[in-house]
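Asks: Protein chains in written order, with the numbering used here: chain A, 1 to 477; chain W, 1 to 477.
Dumping the structure here so I can ask a few things about it.
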């Protein structure tokens, strides 16, 4: 057959593993980001694919020749841009087994292992994070691994639209959106919510921007309550409120408990986007990130909670964790079953078919890489990883405070530091350009109150104290 | 840091590669699908994740202990169910490098390599398939790798909704859907289209089922034309027509050229879902699958074309290929740019940011596994792979025709054979159950004209002539 034999894979696989190990070991010999002109990589490809097989042993060096001087290195320990995506070598081992299994877990029956390992590890993680038992599969809700927080937001919105329809059995599914549905965010909410609102057919007009409390970048619950009341009075239908824990720009957090209290009278779905910050709840001292997420006596909790294992929890992209407190909510909105997907186990209701928790039908065995991380690092290792980066951020913030030419744009949050040049906007912009020109670090900018800010997000899998020294060398020069 | 060192990864990686090789080499010692009760795998997990790191060297045997007697083996050569997802060992080598790089290609600038390799290989593949140059990035359109044909359908619909809005700059994006939008499929179209219509907010009422031509399972273009005219007269807006090449149930194909001709007067987007069959266009003798896809003189072509590399093109899930003929169509519908995603290269317009071609923001370097397949097998190897399975289907069909107790439910298409018991529906259902009870093969059923049918889909990466003999032994017993 036109594939490798297992023995050919064995010897080539060793070569490729070595190539990965060598690349990671030598990554600091390269700049974080190469200066490359658009089209450079494409121009190295032939117009037509080759007719004949070429030796795979040469593939790693071919890839290096084509891309090695023309890329942005997300696994470089000087990568402090966006939020790092820490593809730990531990998680790659799990990914390898996942590829070997080649399972496709659209239905329980198409891979009981893929489905149930995902249920088990998301239940374990929910408990380790301190999520209420109602977020577990054991407790009537459950977690799933999505490709990204963007997709998690879209399916949460889909479930919310279904729940908000006057007759959920026929309303939204049969009729579609009416134009009256509204989704509530702030100017600091991640753009994926606006994208989800657009994809879901609501249009930009379906997105309502709630004011932040004065002097903060956090949703003002009184403003939310007022906007909800006004909208309902105007005949509009509040469908979903997104509360962010740890915004992308500055790490700000909306007051989740107050958001829940404001949303509850209107039956709006509350989705918590804690894509970056949520995993910090593994550490007791950072468990404040869950404030208001769990149901309190005499108050509802949130309906869905999302945090990314692929940002800061040592798990290679993609592995966005979405928990819901009602295991029927996503299938109610998303399930469609043609004859070729009919299945006795599905019909029994005794199993979860994760195809009904997402837009795609097919799905990889992503839980294996997460399980490998839990197994190989243990919760203690994960906490050490998170704490290491939080300590770097605290140390950087302290140095910035003590530096004449730099200042904090806001207090650091967990592993995120936002800073600027004391000399003003032009100096801040110049600082960002100079830092990125150095080659040893990569940072991204954002805006706070219309002014440029430099973000430093610690989170790389190999980022340690020595990389803070390099960064400080660059920033304080 | 709490991860493996490169050297630890090196030695563990060799172990894990060996585990994958051993599992593939020994897969036929297992049944394709274990008889397993729901909850079996979950019950083997502790309630809480462990505090301490455990040796990763023991992880492969742990995974085997937990899942080894409780799974469905998609890479078993007797897997002829659904459409096989052929996770070639060749593609896993590419996936390994992709994990090692850990790139996140949301923007061109966040990974020029991820972006441009994807452009280059989808351009090469477009040419190898015989797609018109307007489907390439070089030619003003372009390909992208989506996670699944379901997601490809959703983004195509999103682009179509945007294009159909009276003022595309503000219409759909600002206002959302109106309820007048209609999408056209047949009863044989994959359920992912119905799901996309629902997610996009159109509701089930937005989906119109066009009749098939008498005696076929292919869309009747006259019926489509009449339905479009009626709908337009009624004030409805035809947004998208989906033509399927190779339906999931039986491999039927809609007449694409006639569908295009009917849709053109109304400006409806034509999406071709060739998720399974499209890759067969690599072989000249199967290039009929592209009939009507390319633009003809005095006629438009289709707007988007989707085929899955992860079904039958030796590439591990997920790798669904979506080509569009207008590179601006998807970004026009999907692009949203907050300050933290602003980028000089993006603003220049000289690059493609693939985040704007999909729902998720982040994306893996999936093109590496596809490139590894093209490199390691060459087009000649891919053709041999496809032809091998088509030959198996032809041989099976011949045996069924000659057998007293079996008959074809329809003519075989490429590598798909639909058969039934001559004794009637009950015997067909019993045949499927008996075959799957044997353990050496796995088949799925569907319905044709309300009657049960047994599907045999050849496509496994290791499925060869000897597996036809096993299958025949089971079916003809």
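Just so it is clear, CB atoms sit at the ideal spot from N, CA and C, and this is done for glycine as well.
These figures come from a predicted structure and were not determined experimentally.
Do you know whose CA, among A:23, A:308, A:314 and A:372, lies nearest residue 58 (chain W)'s CA?
Replies: As a first step, residue 58 (chain W) must be located in the second chain, where it is residue number 58. Cα-wise, what sits closest to residue 58 (chain W) is A:372.
Asks: Is residue 336 (chain W) close to chain A? Criterion is C-beta to C-beta, closer than 8 Å.
Replies: Translated into positions along the second chain, residue 336 (chain W) becomes position 336. So, interface residue.
Asks: Do you know how far the Cα of residue 4 (chain W) is from the Cα of residue 405 (chain A)?
Replies: Here residue 405 (chain A) is taken as the residue at index 405 of the first chain, counted from 1. Here residue 4 (chain W) is taken as the residue at index 4 of the second chain, counted from 1. Rounded to whole angstroms, residue 405 (chain A) to residue 4 (chain W) spans 38 Å at the Cα level.
Asks: What residues from chain A crowd round residue 347 (chain W), counting only those whose CB sits closer than 8 Å?
Replies: Indexing the second chain from 1 puts residue 347 (chain W) at position 347. Result: empty, since nearest Cβ-Cβ is about 12 Å, beyond 8 Å.
Asks: For residue 479 (chain W) and residue 11 (chain A), I'd like the C-alpha separation in whole angstroms.
Replies: There is simply no residue 479 (chain W) to check, as chain W begins at 1 and stops at 477 in what is shown.
Asks: Count the other CB atoms within 10 Å of the CB of residue 67 (chain W); is the residue buried (16 or more) or exposed (fewer)?
Replies: Your numbering for residue 67 (chain W) matches position 67 in the second chain. Buried is the call here.
Asks: Report the neighbours of residue 14 (chain W) on chain A: residues whose CB is nearer than 8 Å to its CB, in chain order.
Replies: In the second chain, residue 14 (chain W) corresponds to position 14, counting from 1. 13, 14 and 17, listed in chain order.
Asks: Going by CA-CA distance only, name the one from W:464, W:442 and W:465 that's closest to residue 35 (chain W).
Replies: Residue numbering aside, residue 35 (chain W) sits at position 35 when the second chain is read from its first letter. It is W:442 whose Cα lies nearest to the Cα of residue 35 (chain W).
Asks: What first and last residue would you give for the beta strand (DSSP E) that runs through residue 418 (chain A)?
Replies: Position 418 of the first chain, counted from the first residue, corresponds to residue 418 (chain A). If you look at residue 418 (chain A), you'll find it in the beta strand (DSSP E) that goes 416-421.
Asks: Quick one: is residue 167 (chain A) buried, meaning 16 or more other Cβ sit within 10 Å of its Cβ, or exposed?
Replies: As a first step, residue 167 (chain A) is located in the first chain; it is residue number 167 there, counting from the start. With a 10 Å radius around the Cβ and a threshold of 16 neighbouring Cβ atoms, residue 167 (chain A) comes out exposed.
Asks: What residue does the alpha helix (DSSP H) around residue 108 (chain W) start on, and which one ends it?
Replies: As a position in the second chain, residue 108 (chain W) is number 108, starting the count at 1. That residue, residue 108 (chain W), is in no alpha helix (DSSP H); it is neither H nor E in DSSP.
Asks: Assign residue 434 (chain A) to buried or exposed, taking buried as 16 or more other Cβ atoms, counted over all protein chains shown, within 10 Å of its Cβ.
Replies: One-based indexing of the first chain puts residue 434 (chain A) at position 434. Here residue 434 (chain A) is exposed: its Cβ has fewer than 16 other Cβ atoms, across all protein chains shown, within 10 Å.
Asks: So which residues on chain W does residue 134 (chain A) lean against when the C-beta distance must stay under 9 Å?
Replies: Counting from 1 along the first chain, the entry for residue 134 (chain A) is found at position 134. Ordered by position in chain W, no residue passes the 9 Å Cβ test against residue 134 (chain A), which lies about 16 Å from the chain.
Asks: Taking a contact to mean a Cβ-Cβ separation below 8 Å, would you say residue 403 (chain A) touches residue 425 (chain A) in this structure?
Replies: As a working note, residue 403 (chain A) is residue 403 in the first chain. As a working note, residue 425 (chain A) is residue 425 in the first chain. Cβ atoms of residue 403 (chain A) and residue 425 (chain A): not closer than 8 Å.
Asks: Let me know if residue 191 (chain W) comes out buried or exposed under the rule of 16 or more other beta-carbons within 10 Å of its beta-carbon.
Replies: In the second chain, counting from the first residue as 1, residue 191 (chain W) sits at position 191. Residue 191 (chain W) comes out buried.
Asks: Give me the Cβ distance between residue 102 (chain W) and residue 149 (chain A), rounded to the nearest whole Å; I'm assuming they're in contact under 8 Å.
Replies: Here the question's residue 102 (chain W) lines up with position 102 in the second chain. Here the question's residue 149 (chain A) lines up with position 149 in the first chain. Incorrect: roughly 18 Å between the Cβ atoms, too far for contact.
Asks: Could you check where the beta strand (DSSP E) with residue 146 (chain W) kicks off and where it finishes?
Replies: If you number the second chain from 1, residue 146 (chain W) lands on position 146. Counting along the chain, the beta strand (DSSP E) containing residue 146 (chain W) begins and ends at 142-146.
Asks: Does DSSP classify residue 380 (chain W) as helix, strand or coil?
Replies: Counting from one through the second chain, the residue named residue 380 (chain W) turns up at place 380. Of the three classes helix, strand and coil, the one that applies to residue 380 (chain W) here is helix, per DSSP.
Asks: If we ignore side chains and look at the alpha-carbon of each, how far apart do residue 468 (chain W) and residue 90 (chain A) end up?
Replies: Taking the second chain and counting its residues from 1, one reaches residue 468 (chain W) at position 468. Taking the first chain and counting its residues from 1, one reaches residue 90 (chain A) at position 90. Rounded to the nearest angstrom, the two C-alpha atoms are 39 Å apart.
Asks: Taking only beta-carbon atoms, is residue 239 (chain A) less than 8 Å away from chain W?
Replies: Walking along the first chain from the start, residue 239 (chain A) turns up at place 239. Cβ-Cβ to chain W under 8 Å: no for residue 239 (chain A).
Asks: Against residue 116 (chain W), what residues of chain A qualify as contacts under a CB-to-CB distance less than 7 Å, listed in chain order?
Replies: In the second chain, residue 116 (chain W) corresponds to position 116, counting from 1. Neighbours of residue 116 (chain W) on chain A, chain order: 41 and 42.
Asks: Thinking C-beta only, is residue 457 (chain W) closer than 8 Å to residue 82 (chain W)?
Replies: Taking the second chain and counting its residues from 1, the one referred to as residue 82 (chain W) is at position 82. Taking the second chain and counting its residues from 1, the one referred to as residue 457 (chain W) is at position 457. In this structure, residue 457 (chain W) lies closer than 8 Å to residue 82 (chain W) by Cβ.
Asks: Mind checking who residue 182 (chain A) pairs with in its DSSP beta bridge?
Replies: To locate residue 182 (chain A), count along the first chain from 1; it is residue 182. DSSP output for residue 182 (chain A) lists A:238 as bridge partner(s).
Asks: Within its chain, find whatever has a CB closer than 6 Å to the CB of residue 315 (chain W); leave out the 5 residues flanking it on each side and keep chain order.
Replies: The residue labelled residue 315 (chain W) in the question sits at position 315 within the second chain. Answer for residue 315 (chain W): 91, 309, 369, 370 and 373, listed in chain order.
Asks: Are the CB atoms of residue 353 (chain A) and residue 108 (chain A) within a distance shorter than 8 Å?
Replies: Along the first chain, one-based indexing puts residue 108 (chain A) at 108. Along the first chain, one-based indexing puts residue 353 (chain A) at 353. Yes, the Cβ-Cβ distance between residue 108 (chain A) and residue 353 (chain A) is below 8 Å.
Asks: Could you pull the DSSP bridge partners for residue 323 (chain W) from this structure?
Replies: What you label residue 323 (chain W) is simply residue 323 of the second chain in a count that begins at 1. DSSP lists W:143 and W:305 as partners of residue 323 (chain W).
Asks: What does residue 10 (chain W) touch in chain A if you count any residue whose Cβ is under 7 Å from its own?
Replies: By one-based count along the second chain, residue 10 (chain W) stands at place 10. Identification of chain A residues near residue 10 (chain W) by a Cβ-Cβ cut-off of 7 Å yields 17, 18 and 21, ordered along the chain.
Asks: In terms of residues, what are the limits of the beta strand (DSSP E) holding residue 363 (chain A)?
Replies: Position 363 of the first chain holds residue 363 (chain A). Segment: none, residue 363 (chain A) is in no beta strand (DSSP E) and carries neither H nor E.
Asks: Just mark residue 348 (chain W) as buried or exposed, buried being the case when its beta carbon has 16 or more other beta carbons within 10 Å.
Replies: In the second chain, the residue the question calls residue 348 (chain W) occupies position 348. That one is exposed.
Asks: Rounded to a whole number of angstroms, what is the C-alpha to C-alpha distance between residue 157 (chain W) and residue 396 (chain A)?
Replies: As a position in the second chain, residue 157 (chain W) is number 157, starting the count at 1. As a position in the first chain, residue 396 (chain A) is number 396, starting the count at 1. Approximately 47 Å between the Cα atoms of the pair.
Asks: Does DSSP put residue 405 (chain A) in a helix, a strand or coil?
Replies: Locating residue 405 (chain A) in the first chain gives position 405, where the first residue counts as 1. In the structure shown, residue 405 (chain A) sits in coil (DSSP, three-state: anything other than H, G, I, E or B).
Asks: From the DSSP output, in three-state form, read off residue 13 (chain W) for me.
Replies: In the second chain, counting from the first residue as 1, residue 13 (chain W) sits at position 13. Residue state, collapsed to three classes: helix.
Asks: Measuring alpha carbon to alpha carbon, tell me which residue in A:449, A:400 and A:375 is nearest residue 61 (chain W).
Replies: Reading the second chain from its first residue, position 61 is the one you call residue 61 (chain W). Minimum Cα distance to residue 61 (chain W) is reached at A:375.
Asks: Under 8 Å between C-beta atoms, does residue 375 (chain W) make it to chain A?
Replies: The residue you call residue 375 (chain W) lines up with position 375 of the second chain. Yes, its Cβ sits closer than 8 Å to a Cβ of chain A.
Asks: Taking the beta strand (DSSP E) that residue 451 (chain W) belongs to, which residues open and close that run?
Replies: If you number the second chain from 1, residue 451 (chain W) lands on position 451. Run containing residue 451 (chain W): 451-457, per the beta strand (DSSP E) assignment.
Asks: The beta strand (DSSP E) with residue 270 (chain W) in it runs from where to where?
Replies: Here residue 270 (chain W) refers to the residue found at position 270 of the second chain. Per DSSP, residue 270 (chain W) belongs to the beta strand (DSSP E) from 269-273.
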